[in-house]
Amino acid sequence: MSRSYYRFPLRTDEPATVTLLHLTPSESGVLVGLHQGVETNAFAVRFNRAVPEVHPVEPPRREMAVPVRSTGLTPPEQVLADVGALLVEMGDDVAGIHPWHFAGILPNETWLFHLGQLATLHQRLTLVRESGVADDERVVERVDQLVEEAQPHAEALSVWIDQATRRLGAVRESVRESTVLELLHALAGDAREDRKARPNPALRRI
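What follows is the structure in structure tokens.
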């Protein structure tokens, strides 16, 4: 990924701080961490004398493991995996579009709540899969209950994925169009020309 920390402002952020989302891709998925970001030059920024500089504070306040899409995951976990894949895609995108820029779809706090619930589900079901007693009737019943409770969160994030993907596509198309126009302008060259310097008037100048 070209970057790993992203501004993720929350209403609970203290003055001169902002929450940062840290993405760490791995073979098993992506680790999403929440860090407190501190503005080191907040005073100068207040008087328009500097550009904000935010530095993350270690360790993260919270970390959530997001899996890659694979067989064996429950439907809510598959949605969680799709969110993780989209996060990485957004982080790598040349347009610089990131999920927390889509607050018009879901507020950051709401998006984070849904993501956290699905991450908790995945964490608990991972324990079940590694337990060796996943086929116990009581365990199966509890797993079914957890999956059912997670469904509303999965549905909310499914809607977010659809809308965010469409908006990302529109932004990419806009960036592409701007790039094409800039290139055409550069290829047009200088419109002014000294015709006397042309050895043959029939020759067109590039």
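Numbering-wise (the working numbering), the sequence shown opens with residue 196 and increments by one. Virtual Cβ for every residue (Gly too), placed ideally from N, Cα, C.
Three-way DSSP call (helix, strand, coil) for residue i in this model
| i | result |
| --- | --- |
| R206 | coil |
| E234 | strand |
| L229 | strand |
| A383 | helix |
| A260 | strand |
| P394 | coil |
| L301 | coil |
| T219 | strand |
| E284 | helix |
| T214 | strand |
When the options are compared against residue i, the one with the closest alpha-carbon
| i | options | result |
| --- | --- | --- |
| H250 | R257, A298, N236, V263 | N236 |
| P270 | E350, A359, L229 | E350 |
| E344 | L316, D357, P262, N303 | L316 |
| S199 | A211, E209, L229, T207 | L229 |
| D287 | L275, R367, G327, L301 | R367 |
| Q231 | E222, P220, P204, S223 | P204 |
| I401 | G384, A276, P394 | G384 |
| G364 | E284, T207, L275, S221 | E284 |
| T219 | N303, V233, L282 | L282 |
| D357 | E209, V252, D277 | D277 |
Alpha-carbon spacing of residue i relative to residue j, whole angstroms
| i | j | result |
| --- | --- | --- |
| G267 | A298 | 32 Å |
| S369 | R361 | 12 Å |
| L322 | L313 | 14 Å |
| H296 | L379 | 30 Å |
| R257 | L382 | 50 Å |
| V261 | L226 | 6 Å |
| P254 | D330 | 37 Å |
| R399 | L376 | 23 Å |
In DSSP terms, what residue i is bridged to
| i | result |
| --- | --- |
| T252 | A small fix is needed here, since residue 252 is Val in this sequence, not Thr. Beta-bridge pairing links V252 to Q231. |
| G224 | S221, P262 |
Residue i vs residue j beta-carbon contact at 9 Å
| i | j | result |
| --- | --- | --- |
| V263 | S223 | yes |
| L320 | L352 | no |
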